[in-house]
Amino acid sequence: MKLYIQSHRQLKRIILILMSYLTFASFTYLNAQWARTYGGGSLDYATSIQQTSDGGYIVAGYTLSFSTEFGETSYIWILKLYSSGEIEWQRAYGESNRNSRAHSIQQTLDGGYIVAGAIAPNDIIWGKNFLILKLSSSGEIEWLWSYKGRDYDWAYSIFQTSEGGYIVAGYLGYDDYWWELLICNFWILKLNSIGEIEWQRTYDAGGYERAYSIQQTLDGGYIVAGETTFSHDFWILKLSSVGHIEWQRTYGGSNFDVAKSIQQTFDGGYIVAGRTLSFGAGDNDFWILKLSTNGEIEWQKTYGGIDNDYPKSIQQTNDGGYIVAGSTSSFGAGDNDFWVLKLSPNGEIEWQRTYGGSNPDGAFSIQQTNDGGYIVAGNSSSFIFPPFPYQSDNKTDILILKLSSNGDIVSSCDFIGSSNAVISDTDITPQNTEITPQDTDISPQDTYIIPQITNAKIINLCAKFNLTIFATHGGTTNPSPDSYTCYSGTEAQIEAIPESGYEFNKWNWDTSGSDNPTTITMDSDKSIIAYFYPVLREEDDSLFEFPCFIATAAYGSTLNPYVKILREFRDRYLMPSRLGRELVGIYYKYSPFAAELIAKHKVLKVAVRNNLVPIIAFSYSMVHLGPIITAILFVLILTTLIFSISFYLRKLM
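The sequence shown begins at -9 in our numbering and counts up by one.
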């Protein structure tokens, strides 16, 4: 017996531990994947994301929502996120009337961050200079410099080097006023740990050249990828540690081909992602090249559909394959969607997913995370209230997805789609170019920027709530009265629009007041009603034109005490429950016609008043005496009535 009790206790302990583990594992899985938007009231963009050493994420981009000139001037915007996607800190960096943008961010060896982008010079409105910011772990500026080469200089990629300095790639541009062309060259800066220039060079292939991606290689040199319009091709440069060219090649066909992202692979070669118009299934397609250490092609493939597909970011994964992200118009739910492909080591598709809604969405940056999943950052115009077709064209938010290893989020996220990319092998031979880098001679310039704390609104795309909008007779709303499904955290703005002869009075139910428009934060199911009252006619200050309630029509005024009793009953006992709100909504939908008819006929007014007496009495008792006393009175009245009828019937017999 004793042995049985001990075995029973051990079994209970094992079951308890197993249940606890399963609960924890389930919670951890659900918490590990998420989808959120971050933004303000205007345009907000993410261009770069990286997982940080604490398991969170750092995001860089730019915002027009939090600049001093709302919607007009862009500021660099940096968000530090926890692993759950909640914001740890957020700051905008900019100067009044000077557009600035961030294109690349990386966590530095000291736990801070290095940011590369561009800022408008004071003397050229549409021009740009390189801008490099070194931030502390909390987002404070440690140092910043702008670097002016010519008039149109953009830094697109930055990488901390092994000795603690930085390598920056972008382009140096200027106007050729004779030919009315913008001339651009690759521009590479090697900086020390405090932003001073160690060496600087341009690389000119004789056309229009932009560098989009740079990385330090295992031998201490650098690999650079971009485009040249001399041949309209990918242009890849392998540089030594001091910027001398070790090899240089173009890759392309007869049309436009642009390399956007490059990374050195485990075998010492390189993986390159870009877009091609020369090959593929449709317009622009993803084009992925696997190169050897000296730039020879090991394999080359296009991925796409009949429309435009643009890759932005590629990374080798722990299993030796690759993850690539961008946007697609060939597949998905709308104009453009996020498009993520997981490739095998030889470029075959292991899985492919689209993520997005009915409006333009596009991914700009992807990275594999410590748990084997992926973090993706980009922009979205789809997940904004009110839904299409009401939403403004001037609203874009940052969209960040935390994906599992197979591209899933959670089952409640319903904006994930499938795609069926056409894979095509291409057969091009790289062409050697013969250019000599030119030294430039510029000095960093002081730039004055004060960080500003921002207040981004977060929307959880994996949780939804219902918003039901009603309007009384005499007006409507924008969006129109209906039921809408909103994502958690959505700030729904509703405007009341009165008809001629009516005026907006107030909001009620899950919001109150007379602000118009009003804003509701969707953190649960919400219902709202807009009250419209008739405007008094000048020739008759005692009657309204078209009373909107049956009781109001019968008694002639919304101020009648009996009408007030009915409203108090409605607000106290019907509105708190969903069923009650549905009943009230049905009443408001079908009562206006009856109310107008009653208001025009005295006989109907008298008849309705008589029929309303028991309802008013019941409502008065519920409001002033409470449900318990009302129930007791109801039982007494019912008992008295039954007794009286019974007594009368016995007397007749």
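Every residue, glycine too, gets a C-beta built ideally from N, C-alpha and C.
Counting pairs of Cβ atoms below 8 Å between the stretch 33 to 50 and the stretch 342 to 352, do you hit three or more?
no
Taking the runs of the beta strand (DSSP E) that are 3 residues or longer, which of them lie wholly in the stretch 30 to 63?
34 to 41 and 47 to 53
Please classify Leu99 as buried or exposed, where buried requires at least 16 other C-beta atoms within 10 Å of its C-beta.
exposed
What's the gap between the Cα of Asn450 and the Cα of Tyr260?
37 Å
Buried/exposed call for Gly491, threshold 16 Cβ in 10 Å
exposed
Give the range of the alpha helix (DSSP H) segment to which Tyr552 is assigned.
Pro551 to Phe559
Short Cβ contact (9 Å threshold) for Ala249 with Glu217
yes
Under the three-state reduction of DSSP, which class applies to Phe246: helix, strand or coil?
coil
Once DSSP output is grouped into helix, strand and coil, what is the label at Tyr638?
helix
Any chance you could list the beta strand (DSSP E) runs of at least 3 consecutive residues sitting entirely within the stretch 378 to 440, in chain order?
387 to 393, 406 to 408 and 412 to 415
Could you name the residues of the same chain whose beta carbon sits closer than 8 Å to that of Phe522, not counting the 5 residues immediately before and after it, in chain order?
Ala461, Thr462, His463, Gly464, Gly465, Ala486, Pro488, Glu489, Tyr492, Glu493, Phe494, Asn495 and Cys538
Less than 9 Å between the C-beta atoms of Val574 and Leu564, yes or no?
yes
Are the beta-carbon atoms belonging to Phe608 and Thr620 less than 9 Å from one another?
yes
Unbroken alpha helix (DSSP H) run spanning Ala543, endpoints
Ile540 to Tyr545
Bridge partners for Phe522 per DSSP, in chain order?
Phe494
Between Gly46 and Ser73, is the Cβ-Cβ spacing less than 9 Å?
yes
Beta strand (DSSP E) containing Phe455: first to last residue?
Lys447 to Ala461
Taking only three categories from DSSP, how would you classify Thr620?
helix
Residues in the same chain with beta-carbon distance under 6 Å from Ser203, minus the five sequence neighbours each way, listed in chain order, please.
Ser147, Ala215, Ser251 and Ile252
Gln358 and Asn308: beta carbons closer than 9 Å?
yes
Where the beta strand (DSSP E) through Val262 begins and ends:
Tyr260 to Thr266
With 16 as the cutoff for other CB atoms within 10 Å, does Arg239 come out buried or exposed?
buried
First and last residue of the uninterrupted alpha helix (DSSP H) at Leu602
Lys592 to His614
How many angstroms separate the CA atom of Val49 from the CA atom of Gln97?
10 Å
Same chain, Cβ closer than 6 Å to Gly570, neighbours up to 5 away in sequence not counted
Leu564
7 Å Cβ shell around Pro335 - same chain, five flanking residues per side excluded:
Gly310 and Gly311
Whole-Å CB distance - Phe373 paired with Gly352, under 8 Å assumed:
Not really, about 13 Å apart at Cβ, beyond 8 Å.
Is the separation between the beta-carbon of Gln435 and that of Tyr137 shorter than 9 Å?
yes
Give me the residue from Leu393, Ala106 and Thr467 with the minimum Cα distance to Asp361.
Leu393
Which listed residue (Ile448, Ile440 and Gln483) has its alpha carbon closest to that of Leu457:
Gln483
Find the nearest neighbour of Ile519 within the set Thr548, Thr207, Asn468 and Ser478, judged by alpha-carbon distance.
Asn468
Exposed or buried, which one is His614 when buried takes at least 16 other CB atoms within 10 Å?
exposed
Assuming Ile104 and Tyr156 are in contact, meaning their beta carbons sit under 8 Å apart, how far apart are those beta carbons, in whole angstroms?
6 Å
Could you name the residues that DSSP lists as bridge partners for Val314?
Ile304 and Leu331
Would you grab the beta carbon distance between Gly84 and Ile439 for me? Rounded to a whole angstrom, and I think it's under 8 Å.
6 Å
Rounded to the nearest angstrom, how far is the Cβ of Thr37 from that of Phe354, given a contact under 8 Å?
5 Å
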